[in-house]
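Taking numbering that gives the first Met the number 0, the leading residue of the sequence shown gets 0, the next gets one more, and so forth.
We put the beta carbon where it would ideally sit given N, CA and C, even for glycine.
These figures come from a predicted structure and were not determined experimentally.
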Amino acid sequence: MTALLWLSLSSVFGQTLYYQVYKGKKSIGQMTIERSQNMAGSVVSYDISTEVRYRVILELLVNYSLNEVFENGILTKGQGSSTINGSIQNAYEIQRNGNSYELVLNNTHSVIDDHVITLSATTIYFNEPKNNQRLFSQHFGRYLKLEEVSAHYYRLLSSAGENFYRYVNGICTEITVIRDFGTLNFNLKPESYVIVNTPDSLRNK
C-alpha cells in the first residue's frame, strides 16, 4: 500500500514539518516549518526556524528565522533574520502596499513595483513548485528560479550556492544545501510522516 505523506498537526488549523540537519553523517541541528490559517482559510502564515551548529575553524552557531503571511494566496508581509554566534548577519522585512512591495534588506529600502508574489521561500515546503517557476526570497531580496532536474526534484541557484529540493506527494522531504563551507542535508523527520486522510488538511490549499 502506497503511504500518503502527511504532517504533524500542531492545531486544527495548523501543521508543522520537522527536519533533521546533517553535515556528512553528523547531525548538527534542526529546522521547523509551521503553517497555520484562519478559520476562513483566507489568511495563511508560514514560520521557519533553523538552528545549526558546526565547525569551520571556530565553532559556529547559526540561527535563521523567517515569517510570511499570505492573504488569498498573495504575500502581504514578512520578516526574518539570520545570526552567527548571536551576531546579526542579515535582517529583512517586506510589506505589500497597493500594487507594490516595500522591502528593507539590512537597512536598505527598495520598492518592487507591479508585482504579485504568490510563491516564496516559505511556501515551497508545503507545495511542490513547477519547472522554471520563480520564487521570491526575502533573504536575497530578489526572485530566484526553480529548475526541475528530474521528477519531483528541483534546483534553486542563488549567489550563495545551490539548493536541491525533493518532493513526495507534494511535500518537501529532503533539501540539500551546497555552500563554500560544505554541504548540508535536511531530512524530514519520521514524526512528520503520518498515513492519514482528513478533510481538515491544509495541504494543497
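With a cut-off of 8 Å on the beta carbons, I'd call Phe125 and Ile56 a contact; round off their distance for me. As a first step, residue 125 is located in the sequence shown; it is residue number 126 there, counting from the start. As a first step, residue 56 is located in the sequence shown; it is residue number 57 there, counting from the start. Actually they do not touch by this definition, with Cβ atoms about 37 Å apart.
Per DSSP, cross-strand counterpart(s) of Asp46: Here residue 46 refers to the residue found at position 47 of the sequence shown. Paired residues: Glu33, Asn66.
So what's Ser158 in DSSP terms, helix, strand or just coil? Here residue 158 corresponds to residue number 159 of the sequence shown, with the count starting at 1. Here Ser158 sits in coil by DSSP.
For Leu22 versus Gly140, is the C-beta spacing smaller than 7 Å? Residue 22 sits at position 23 when you count from the first residue of the sequence shown. Residue 140 sits at position 141 when you count from the first residue of the sequence shown. The identity of residue 22 in the sequence shown is Lys, whereas the question assumes Leu. Their beta carbons are not under 7 Å apart, which means Lys22 does not touch Gly140 by this criterion.
Exposed unless 16 or more other CB atoms sit within 10 angstroms - verdict on Pro128: Counted from its first residue, the sequence shown places residue 128 at position 129. Pro128 comes out buried.
Those runs of the beta strand (DSSP E) which lie wholly inside the segment 130-188 and span at least 3 residues: List check, beta strand (DSSP E) in window: 133-136, 141-149, 152-157, 160-167, 170-178, 181-187.
May I ask you to list the residues that DSSP assigns as paired with Leu16? Numbered from 1 along the sequence shown, position 17 holds the residue referred to as residue 16. DSSP output for Leu16 lists Ile32 as bridge partner(s).
Proximity below 7 Å, CB of Leu65 to CB of Ile83: The residue given as residue 65 occupies position 66 in the sequence shown. The residue given as residue 83 occupies position 84 in the sequence shown. For Leu65 and Ile83, no; Cβs fall outside 7 Å.
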